[in-house]
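Protein chains in written order, with the numbering used here: chain A, 328 to 516; chain B, 365 to 615.
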């Protein structure tokens with residue numbers, strides 16, 4: 328259970344909880360078990376894809392509204408992630424789920440939780456350490472003065488970018504000048 | 365008569381859809397692996413934008429057409445993309461020059477659309493803008509490197525600049541559809557983007573030791589009203605073949 332999930336308060340004014348209806352905290356915990364198919368150490372909660380959960384009255388009975396936001400517009404994992412979230416909830420008896428797309432505010436790597444960043448590092452992907460402030464500097468044409476990216480294997484800051492386009496849309500390919508290993512860098516966005 | 369807003373959204377959606385399809389033609393054929401991945405990633409972003417624009421266009425139209433119906437089941441004359449993006453890929457200098465001219469416009473356009481009074485338009489634009497800044501940075505870098513590269517790369521780059529220049533006039537058109545969107549505070553006046561676009565492009569081309577063609581050169585027109593080159597027909601033939609041949613096919 329991530330720190331973020333625990334910090335989500337019950338929404339004031341939401342419909343009262345019914346008997347046998349899972350609490351929103353419980354649902355956050357279940358969603359924390361749904362992982363990104365391309366970065367299987369990160370859950371949809373770690374990534375900040377799930378923005379909000381609400382129970383709501385609907386003609387079909389009580390309905391869970393799951394508000395989500397895409398990471399990158401063209402991320403091919405999105406449909407798999409959405410299907411996986413629904414399947415996980417169905418497996419826990421929450422069958423009446425509606426996914427609600429939220430585009431604004433646009434997703435940023437700043438929303439990746441501290442726990443998620445640590446999981447990335449352990450997995451061998453350098454996390455987007457300084458957040459989206461760095462992304463803005465990159466696009467302002469100062470890419471060559473970016474703060475050094477730390478090698479997730481040996482911790483060295485003597486690293487360099489091999490290719491801004493990496494194995495997936497969200498990653499760049501880097502190499503370490505000390506341990507000589509190549510590694511993925513999750514680009515600040 | 366389709367609404368101006370529907371037309372406006374088709375222009376946005378079709379333009380990025382067609383460019384995405386063009387870029388996907390490079391997939392597996394890039395000059396080096398990193399370039400192959402970068403172009404595919406750029407195409408993927410643009411496809412994501414196209415899906416959002418066309419989904420919203422279908423909602424605005426209100427006739428039950430979704431993104432797939434709009435992308436796969438319209439003929440060439442119903443497409444509203446700008447001519448620049450349907451031009452064939454050519455060599456790598458051609459592809460990058462087309463991309464650079466487009467990226468330099470795209471970021472300016474999205475920065476205007478972020479201010480739209482229509483919250484869906486503003487939301488899509490805000491999402492897309494973050495990604496397009498990366499596209500623009502990348503294509504700018506490559507124009508400079510190839511323009512100032514070898515004699516051969518310089519020659520190909522200058523030929524590409526001269527080839528695509530007459531297709532850039534359409535980026536700054538403003539017709540009755542645009543006017544209506546400006547009045548409703550949904551869209552922007554593209555004419556206002558011309559000066560900043562020319563300044564950015566001239567600056568980059570100069571750094572790349574390339575010569576800017578005259579700003580008042582004769583320009584092709586028609587894509588935004590459905591008058592296309594035959595290049596679009598071939599592109600759609602390939603893109604649409606599966607849903608047309610097997611109606612209702614599911615992945």
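Where is the CB? At the ideal position from N, CA and C, for every residue including glycine.
Remember, it's a predicted structure, so these values are computed and weren't measured experimentally.
* To do: Go ahead and pull the three-state DSSP assignment for residue 516 of chain A.
  => DSSP, read as helix, strand or coil, puts residue 516 of chain A in coil.
* Applying the criterion that 16 or more other CB atoms from any shown protein chain within 10 Å of the CB defines a buried residue, is residue 477 of chain A buried or exposed? -> buried
* Asked: Does the Cβ of residue 524 of chain B lie closer than 7 Å to at least one heavy atom of the ligand MG?
  -> The model depicted lacks the ligand MG and carries no ligand whatsoever.
* Check the Cβ-Cβ distances between residue 413 of chain B and every residue of chain A, and say whether any is below 8 Å. => yes
* To do: With a threshold of 16 other CB atoms inside 10 Å of the CB of residue 516 of chain B, please say whether the residue is buried or exposed.
  => exposed
* Asked: The alpha helix (DSSP H) spanning residue 595 of chain B covers which residue range?
  -> In the DSSP assignment, residue 595 of chain B falls within the alpha helix (DSSP H) that extends over 594 to 609.
* Could you tell me if residue 485 of chain A is buried or exposed, where buried requires 16 or more neighbouring beta carbons within 10 angstroms of its beta carbon? => exposed
* Spatially closest choice to residue 421 of chain A from A:501, A:358, A:500, by CA coordinates -> A:358
* If you follow the alpha helix (DSSP H) that residue 472 of chain B is part of, which residue opens it and which one closes it? -> 456 to 477
* Just grab the DSSP bridge partners of residue 379 of chain A for me. => A:394
* Would you verify that the beta carbon of residue 483 of chain A is, or is not, closer than 8 Å to some beta carbon of chain B? => no
* Can you pull the chain A residues whose beta carbon is under 9 Å from the beta carbon of residue 408 of chain B, in chain order? => 399, 400, 401, 402, 403, 496
* Asked: Can you tell me where the alpha helix (DSSP H) with residue 413 of chain B in it begins and where it stops?
  -> 397 to 425
* Asked: For residue 387 of chain A, which option in A:494, A:443, A:423, A:490 has the closest C-alpha, if you only look at C-alpha atoms?
  -> A:423
* Looking at residue 400 of chain A and residue 416 of chain B, is the spacing between their C-beta atoms short of 8 Å? -> Their beta carbons are under 8 Å apart, which means residue 416 of chain B touches residue 400 of chain A by this criterion.
* Asked: Taking all protein chains shown into account, do 16 or more other C-beta atoms lie within 10 angstroms of the C-beta of residue 428 of chain B, making it buried, or fewer, making it exposed?
  -> Residue 428 of chain B comes out exposed.
* Taking only the alpha-carbon atoms, compute the straight-line gap between residue 395 of chain B and residue 385 of chain B and give it to the nearest angstrom. => Near 18 Å, if we compare the C-alpha coordinates of residue 385 of chain B and residue 395 of chain B.
* List the DSSP bridge partners of residue 444 of chain A. => Answer is none; residue 444 of chain A lacks a bridge partner.
* Asked: For residue 613 of chain B, does the three-state DSSP call read helix, strand or coil?
  -> coil
* **Limits of the beta strand (DSSP E) - the one that residue 347 of chain A falls within** => Element bounds for residue 347 of chain A: n/a, residue is neither H nor E.
* Asked: Since residue 382 of chain B is in the beta strand (DSSP E), which residue starts that stretch and which ends it?
  -> Careful: residue 382 of chain B lies outside any beta strand (DSSP E), inside the alpha helix (DSSP H) at 368 to 388.
* Where does residue 436 of chain B sit, in a helix, a strand or coil, going by DSSP? -> DSSP, read as helix, strand or coil, puts residue 436 of chain B in helix.
* Nearest chain A C-beta to residue 453 of chain B closer than 8 Å, yes or no? -> Closer than 8 Å: no.
* Report the residue from B:405, B:602, B:392, B:537 whose alpha carbon sits nearest the alpha carbon of residue 583 of chain B. => B:537
* Under a Cβ-count criterion, where at least 16 other Cβ atoms within 10 Å of its own Cβ denotes burial, should residue 445 of chain B be classed as buried or exposed? -> buried
* Within its chain, find whatever has a CB closer than 6 Å to the CB of residue 460 of chain A; leave out the 5 residues flanking it on each side and keep chain order. => Any reading at residue 460 of chain A must be qualified, since the residue scores a pLDDT of 49, below 50, and its modelled position is unreliable; the value itself is stated next. Excluding residues within five positions, none has a Cβ falling inside 6 Å.
* Cβ neighbours of residue 524 of chain B in the same chain (closer than 8 Å, five flanking residues each side left out) -> 454, 455, 457, 458, 460, 461, 462
* **Per-residue burial, residue 375 of chain B [other beta carbons within 10 Å of its own, 16 or more giving buried]** => So residue 375 of chain B ends up on the buried side.
* **Bounding residues of the beta strand (DSSP E) (the contiguous stretch that carries residue 435 of chain A)** => It is not in any beta strand (DSSP E) - residue 435 of chain A carries neither H nor E in the DSSP assignment.
* Asked: Among B:493, B:503, B:388, which residue has its Cα nearest to the Cα of residue 569 of chain B?
  -> B:503
* Asked: Taking only beta-carbon atoms, is residue 410 of chain A less than 8 Å away from chain B?
  -> no
* Asked: Identify the residues that DSSP records as bridge partners of residue 476 of chain A: which are they?
  -> DSSP lists no partner for residue 476 of chain A.
* Asked: Do you know offhand how far residue 512 of chain A's Cα is from residue 578 of chain B's?
  -> 42 Å
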